[in-house]
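The numbering of the sequence shown is our numbering, which starts it at 1 and goes up by one. Okay, so here's the structure we're looking at.
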Amino acid sequence: MSRQKNQKLKLLYLYRILMENTDEEHPMTVAQMIEELSRYGITAERKSIYDDLEELRSFGADIIYRKAKKHEYYVASRIFELPELKLLADAVASSKFITERKSRQLIKKIESLCSKHEARQLRRQVYVMGRAKTMNEKIYYNVDKIHQAIALDRQISFKYFEYNLKKEKQYRQGGEKYFASPYALSWDDENYYMTAFYEKYGSLSNFRIDKMENVKILEQKRQKLPDDKEFDPAEYSKRVFGMYAGREEKISLQFDNSLIGVALDRFGQDISIIPADENSFIINVHAYISPTFLGWLFGFGRKVRILSPESLVDEFTGFCRESLTLYT
């Protein structure tokens, strides 16, 4: 009975063996396949292997025959190509919001999508110097629940914390729960954020997902945004700096021509570029004004100038003066 059962599994094990052990640089002979099958307690004859290979091809497996000194076979293509897997492994390894342990687990799963020989290239590929990782292991589950809440049009509750000087969690609001209506998840400056309507402030707010705990989906429907306006995550991300929402204003900025790439990267390819003179251009955009936004402008020195509104000019001037007091 046991032997008969194993024979019924022969085709599945043969497929696994080929997927795990072969690629263009590492083919297998039929004799090697028979040897590998024996490790699973399965006996096979050469003719049956040829028949099985044809069955797998009929199923859709891209198994290539190559005539060499011996007949060789290998899996030529898979769902993901090796460069694509390297890209995925790099993203996982360099993602600040994924813990070291979860990164290793994910990369191990990515390695299973190629041969064991190609998997070694992924391990060499993923080392990132000095990468700081989050310490919150529950971020996976936070992300999943937030996605569910958005799909179900439900509110969520959670606790939110920061770290103190002793590297200990310090809960905001004295440990009381936050209640919010999630609308989007976004990745900004190497961190994962939830954008939600927060009733306490009556506006959209952003929360670092790795600093959220005890995320629960509630029965209450999400609160509608003010004036029931549609929320466009892509447009919102153009206007928010460092995920500090601040207040939204229409502003006019004059950039040095050398910063055209910076302007397009930040505000999108669809902005109107108005030549100011032979050395500069003007854009009119909506942005959320926050200390992070002012700091972003400050970093460009004399190459960016605020034209309007006048209140923002005054605010930026005060920001610069306050910064200078640290050095005078």
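Just so you know, even glycine gets a beta-carbon here, dropped at the ideal spot from N, CA and C. Model, not experiment: these values are computed from the prediction.
Ignoring anything shorter than 4 residues, give me the alpha helix (DSSP H) runs that lie fully in the segment 171 to 251, in order along the chain.
233 to 239
Grouping DSSP H, G and I as helix and E and B as strand, with all else coil, what is residue 36?
helix
Per DSSP, the bridge partner or partners of residue 253
283, 306
Backbone CA spacing between residue 2 and residue 17 [nearest angstrom]
Because the pLDDT at residue 2 is just 44, under 50, the model does not fix this residue reliably, and the value given afterwards should be weighed accordingly. Cα to Cα, residue 2 sits roughly 21 Å from residue 17.
Inter-residue CB distance, residue 158 and residue 172 (contact presumed, cutoff 8 Å)
That pair is no contact at about 11 Å.
Below 8 Å CB to CB, which residues in the same chain sit around residue 303 once its five sequence neighbours on both sides are set aside?
255, 256, 258, 259
Residue interval of the alpha helix (DSSP H) (run including residue 148)
139 to 152
Along the chain, where does the alpha helix (DSSP H) that runs through residue 67 open and close?
Unbroken run through residue 67 is the beta strand (DSSP E), 63 to 67; no alpha helix (DSSP H).
Please report how far the alpha carbon of residue 293 lies from the alpha carbon of residue 107, in whole angstroms.
36 Å
With a threshold of 6 Å on Cβ separation, who are the neighbours of residue 284 within its own chain once the five nearest residues in sequence on each side are excluded?
252
Assuming residue 25 contacts residue 82 under a Cβ cut-off of 8 Å, what Cβ separation, rounded to an integer in Å, is found between them?
That belief does not hold up - the Cβ atoms of residue 25 and residue 82 are roughly 11 Å apart, past 8 Å.
Enclosing beta strand (DSSP E) for residue 275 [first to last residue]
274 to 277
Can you tell me where the beta strand (DSSP E) with residue 72 in it begins and where it stops?
71 to 75
Mapping DSSP to helix, strand and coil, what is residue 23?
strand
N-terminal and C-terminal residue of the alpha helix (DSSP H) that residue 111 is part of
100 to 111
Residues in its own chain within less than 8 Å of residue 79 by CB, not counting five upstream and five downstream?
113
For residue 184, which residues from the same chain have a beta carbon less than 8 Å from its beta carbon, with the 5 sequence-adjacent residues on both sides left out?
150, 194, 195, 231, 233, 236
Burial state of residue 317, where buried means 16 or more other Cβ atoms lie within 10 Å:
exposed
Could you tell me the boundaries of the alpha helix (DSSP H) in which residue 90 lies?
82 to 94
Assumed close pair residue 181, residue 223 - CB separation to whole angstroms, cut-off 8 Å:
5 Å
Write down the C-beta distance between residue 220 and residue 121 rounded to the nearest angstrom, noting that I regard them as a contact closer than 8 Å.
That belief does not hold up - the Cβ atoms of residue 220 and residue 121 are roughly 49 Å apart, past 8 Å.
Let me see if you follow: with CB-CB separation under 8 Å, is residue 35 close to chain C or not?
In the displayed structure, chain C is absent; only one protein chain is listed.
Assumed close pair residue 37, residue 14 - CB separation to whole angstroms, cut-off 8 Å:
7 Å
What whole-angstrom Cβ distance do residue 249 and residue 309 have, given they're in contact under 8 Å?
7 Å
Specify the secondary structure class of residue 156 as computed by DSSP and reduced to three states.
strand
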